[in-house]
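For reference, the structure is listed below as structure tokens.
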Amino acid sequence: MIEVRALSKRYGDILAVDQVSFTVETGEVLGFLGPNGAGKSTTMKMIAGFLAPTSGSARVCGFDVEEQPLEAKRRLGYLPEGAPSYGEMTPLRFLKFIADVRGLSESEGRKRIAAVIEQLHLGAVLHQPIETLSKGFRRRVGLAQAILHDPPVLILDEPTDGLDPNQKHEVRELIRSMAKDKTIIVSTHILEEVHAVCTRAIIIAKGRLLADDAPARLEARSRYHGAVSVSAEDLVAVEAALRTLPEVARVEIDATQRRVTAFPRDGKAIFEPVTRSLRERGIAFAGIELERGRLDEVFRTITTAEGVRT
Ligand code: ADP
Numbered sequence: 000m001i002e003v004r005a006l007s008k009r010y011g012d013i014l015a016v017d018q019v020s021f022t023v024e025t026g027e028v029l030g031f032l033g034p035n036g037a038g039k040s041t042t043m044k045m046i047a048g049f050l051a052p053t054s055g056s057a058r059v060c061g062f063d064v065e066e067q068p069l070e071a072k073r074r075l076g077y078l079p080e081g082a083p084s085y086g087e088m089t090p091l092r093f094l095k096f097i098a099d100v101r102g103l104s105e106s107e108g109r110k111r112i113a114a115v116i117e118q119l120h121l122g123a124v125l126h127q128p129i130e131t132l133s134k135g136f137r138r139r140v141g142l143a144q145a146i147l148h149d150p151p152v153l154i155l156d157e158p159t160d161g162l163d164p165n166q167k168h169e170v171r172e173l174i175r176s177m178a179k180d181k182t183i184i185v186s187t188h189i190l191e192e193v194h195a196v197c198t199r200a201i202i203i204a205k206g207r208l209l210a211d212d213a214p215a216r217l218e219a220r221s222r223y224h225g226a227v228s229v230s231a232e233d234l235v236a237v238e239a240a241l242r243t244l245p246e247v248a249r250v251e252i253d254a255t256q257r258r259v260t261a262f263p264r265d266g267k268a269i270f271e272p273v274t275r276s277l278r279e280r281g282i283a284f285a286g287i288e289l290e291r292g293r294l295d296e297v298f299r300t301i302t303t304a305e306g307v308r309t
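For the sequence shown, numbering that gives the first Met the number 0 begins at 0 and goes up steadily by one.
Here is the structure:
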């Protein structure tokens, strides 16, 4: 549904996007991750047909966004970063305008506008100029225009930016509910969002694609994958107990978090032996957790200087 081939964008001396290639299928929610300035927005603008690539190509539902822009854009909803243009319009006028631009019939337009007002809870602000709305409402008006024509492909640049936790939760639910029959790309720098909505994640830094995998498999690259962390008062006693286990390769104490982490030897399962050892020695602990891996650590490793191939 989305096919990106060797896409590059140069701004003068800056190579903002460098030979990026990937495909996304129906039912996938692809998380687009990377530090600020990584090239996420630039890549999304090129797929959405709002910016011409320096080289390479992007296709939406089989249509090349440069050669068949109308066919591609008809099938695509795009939420740009920041606030919607036309700030002096009210949300209702703006959505009517978008319905016209999208070529929806009068009755279809009315139906879809009512649907997105409901989905994004815009009822209370319909007649207030967009530029006077809070950031959260402006973001939701932007989302409403992106999904107005119910396109099969959605490209959403930081859709939860500026929303409070409840609104973030609602927008994530909305994305998840739309996911099964659509193809969605969501850019974010919030790693919890990847868990919440994405079936797959791409990490880019300095314009280059550095990883493309399921969130759980990215976590499995973490040095914490399979480790067991114990929260306790007596960290020294916990450390002593875990250190003696043959299945444990290494033990680390985190004094600030009041936590001891044991790392498995050769990928061995250590949750059982760790729990047993603590019980046998009568050591009290407040919590014990088998780590899936820490996405923030993987992200940092991949995107910091050591991780970026130069
Ligand atoms: P991200 O969305 O990951 O934060 P961007 O795609 O916005 O990253 O930017 C990628 C790089 O391209 C950055 O170095 C940014 O400064 C540069 N850039 C983006 N837009 C322009 C522009 N219009 N002119 C010049 N440089 C730009």
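Where a beta carbon is used, it is the ideal one built from N, C-alpha and C, also for glycine. Bear in mind that the values here come from a model prediction, so they are computed numbers and not experimental data.
query: Cα-Cα, which of Gly11, Pro158, Gly33 and Ala239 is closest to Pro83?; result: Pro158
query: State whether the region 87-99 contacts the region 25-43, with contact taken as three or more CB pairs (one from each stretch) at a distance under 8 Å.; result: no
query: Please work out which residues of its chain come closer than 7 Å, Cβ to Cβ, to Ala285, disregarding the five sequence neighbours upstream and downstream, and give them in chain order.; result: Ser230 and Ala231
query: What does a CB cutoff of less than 8 Å around Asp99 pick up in its chain, not counting 5 residues either side in sequence?; result: Gly108
query: Would the region 141-155 count as touching the region 116-125 if we require 3 or more Cβ pairs under 8 Å?; result: yes
query: Going by Cα to Cα distance, which pick from Glu169, Pro150, Asp211 and Pro151 is closest to Gln138?; result: Sequence check: residue 138 is Arg here, not Gln. Per the Cα distances, Glu169.
query: So for Glu107, helix, strand or coil by DSSP?; result: helix
query: Please confirm whether Thr187 and Gly30 have their CB atoms less than 8 Å apart.; result: yes
query: Quick one: what does DSSP say Leu208 is sitting in, helix, strand or coil?; result: strand
query: Taking 7 Å as the line, does the beta carbon of Gly38 fall inside it for any heavy atom of the ligand ADP?; result: yes
query: Check whether the Cβ of Ala231 sits closer than 7 Å to any heavy atom of the ligand ADP, and report yes or no.; result: no
query: Is Tyr10 near the ligand ADP, in the sense that its beta carbon is under 7 Å from a heavy atom of that ligand?; result: yes
query: Could you tell me the alpha carbon to alpha carbon distance between Leu142 and Glu246, rounded to whole angstroms?; result: 50 Å
query: Starting from Glu279, follow the alpha helix (DSSP H) in both directions and report where the run begins and ends.; result: Phe270 to Glu279
query: Going straight from the alpha carbon of Leu209 to that of Phe96, what length do you get?; result: 40 Å
query: In three-state DSSP terms, what is Val285?; result: Note on identity: in this sequence residue 285 is Ala, with Val being the wrong assignment. In this structure, Ala285 counts as coil in the three-state DSSP scheme.
query: Answer yes if the region 173-180 comes into contact with the region 16-31, meaning at least three C-beta pairs across the two stretches below 8 Å, and no otherwise.; result: yes
query: With a cut-off of 8 Å on the beta carbons, I'd call Val16 and Thr42 a contact; round off their distance for me.; result: 5 Å
query: Given this structure, state the Cα-to-Cα distance separating Phe93 from Tyr10, to the nearest angstrom.; result: 32 Å
query: Excluding the five sequence neighbours on either side, which residues of its own chain have a C-beta within less than 7 Å of the C-beta of Ala51, listed in chain order?; result: Glu65
query: For Glu305, I'd like the list of residues in its chain whose CB is within less than 6 Å of its CB, leaving aside the five on either flank, ordered along the chain.; result: Summary for Glu305: the model assigns pLDDT 48, below 50, so the residue's position carries little reliability; its value from the coordinates is reported in the next sentence. Counting only Cβ-Cβ distances below 6 Å, and skipping sequence neighbours, we find nothing.
query: Over what stretch of residues does the beta strand (DSSP E) that includes Lys8 continue unbroken?; result: Ile1 to Tyr10
query: Kindly indicate the opening and closing residues of the alpha helix (DSSP H) around Glu172.; result: Pro164 to Ala178
query: Going by DSSP in three states, Ala248 sits in which element: helix, strand or coil?; result: strand
query: From this set, Met45, Gly33 and Pro150, which residue's C-alpha is nearest Arg207's C-alpha?; result: Gly33
query: Measure how close the beta-carbons of Ala213 and Arg199 come, nearest whole angstrom, since I'm counting them as under 8 Å.; result: 6 Å
query: To the nearest angstrom, how far is the alpha carbon of Val237 from that of His224?; result: 20 Å
query: Helix, strand or coil for Leu121, going by three-state DSSP, please let me know.; result: coil
query: Can you find the residues in the same chain that come closer than 6 Å, C-beta to C-beta, to Ser54, ignoring five residues on each side of it along the sequence?; result: Ser7
query: Can you tell me whether Asp295 is buried or exposed, with buried defined as 16 or more other CB within 10 angstroms of its CB?; result: exposed
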